[in-house]
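**Q** Quick one: the structure is below, and I'll ask about it shortly.
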Amino acid sequence: TKNDPASARFDENVYKYLFRCITSSWHSAWALEKALLLKKEKDVISIQNRVSFYFLGEIIFLGTILGLFGLNGLLFFIGHTFIAILLLEVVEYIQHYGLERKHISNNSFEPYNECHAWNCRAAATNWSTFNLGLHCAHHKQPRKQFFLLSNKKQLMEMPAGYPIMIMLALVPPIWFRVMNPKLTARNLD
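The structure is reproduced here in structure tokens:
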């Protein structure tokens, strides 16, 4: 949906998506937690605020890394974490680029289904990522174990495996040239 910070919008390049997703996700998490605490009549600034609690946990963990491995260890860990987050979000981008659930009523959207994710049946992708490429099957049956996910052809198919799709996403003009016609064709159906 347009309200979901992790939804890659049509014609949104990966760099704009990364900035919007990472910054908006923090804001969204805080707003959701604040609303939950206010509904329960709890203080927003408290140990019961999970966002604050997890952030404090991260600070303690980083301090532990610094204490055990020094500044070089801390910098290595932060660099590794930064790359891992970017890779995770780029994969999220290619899995959902341009796909949106239809708005039904005020706060209601159509249920998740296999049309809300790009499927990747490339063997190397699925062998190396525990069937992560079978994302359509995951949307259709989210509780199904990864090794039981269906590898059937889906409506929304990526033209290549994850490594190639990630490289394409990093060059927006090429990404748009490959993916936008697929979305246009889908929307005409």
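Residue numbering for the sequence shown follows this note's numbering, starting at -9 and increasing by one per position. The beta carbon of each residue, even a glycine, is placed where N, CA and C say it ideally should be.
1) Quick one: is MET157 buried, meaning 16 or more other Cβ sit within 10 Å of its Cβ, or exposed?
2) Could you check which residue in GLY69, ILE73, ASP33, TYR152 has the C-alpha nearest to that of ILE84?
3) Count the other CB atoms, across all protein chains shown, that sit within 10 Å of the CB of ASN121; report buried if there are 16 or more and exposed otherwise.
4) Give a yes or no on contact between the segment -6 to 9 and the segment 22 to 34, applying the rule of three or more CB pairs nearer than 8 Å.
5) Going by other Cβ atoms of all chains shown within 10 Å of its Cβ, with 16 needed for buried, is ASN116 buried or exposed?
6) Which class does SER98 belong to by DSSP, given the choice of helix, strand or coil?
7) When DSSP builds the beta bridges, which residues end up paired with ASN109?
8) Quick one: Cα of PRO101 to Cα of LYS(-8), how far?
9) Cα separation between VAL41 and ALA19?
10) Out of curiosity, what's the CA-to-CA distance linking VAL34 and SER15?
11) Just confirm the distance between the C-beta atoms of HIS86 and ALA159, as a whole number of angstroms; I'd bet it's less than 8 Å.
12) Per DSSP, HIS70 forms a beta bridge with which residues?
13) Would you grab the beta carbon distance between ILE55 and PHE67 for me? Rounded to a whole angstrom, and I think it's under 8 Å.
14) What does DSSP give as the partner residues of HIS93 in its beta bridges?
15) How many whole angstroms separate the CB atoms of ASN109 and MET148, which I take to be in contact at a CB cut-off of 8 Å?
16) Beta-carbon within less than 8 Å of PRO132's beta-carbon, same chain only, minus the 5 sequence neighbours each way: which residues are those?
17) Taking the C-alpha atoms as reference points, what is the distance between TYR44 and GLN38?
18) Which term fits VAL80, buried or exposed, when burial requires 16 or more other beta carbons within 10 angstroms of its beta carbon?
19) One question on the structure: do ARG167 and CYS105 come within less than 9 Å of each other, judged by their Cβ atoms?
20) Look at the alpha carbon of HIS17 and the alpha carbon of ARG111, and state the distance between them as a whole number of angstroms.
**A** The short version:
1) exposed
2) TYR152
3) buried
4) no
5) buried
6) strand
7) GLU147
8) 15 Å
9) 7 Å
10) 18 Å
11) Wrong, their Cβ atoms sit about 12 Å apart, outside the cutoff.
12) HIS70 is not bridged to any residue.
13) 5 Å
14) PHE99
15) 7 Å
16) TYR102
17) 10 Å
18) buried
19) no
20) 35 Å
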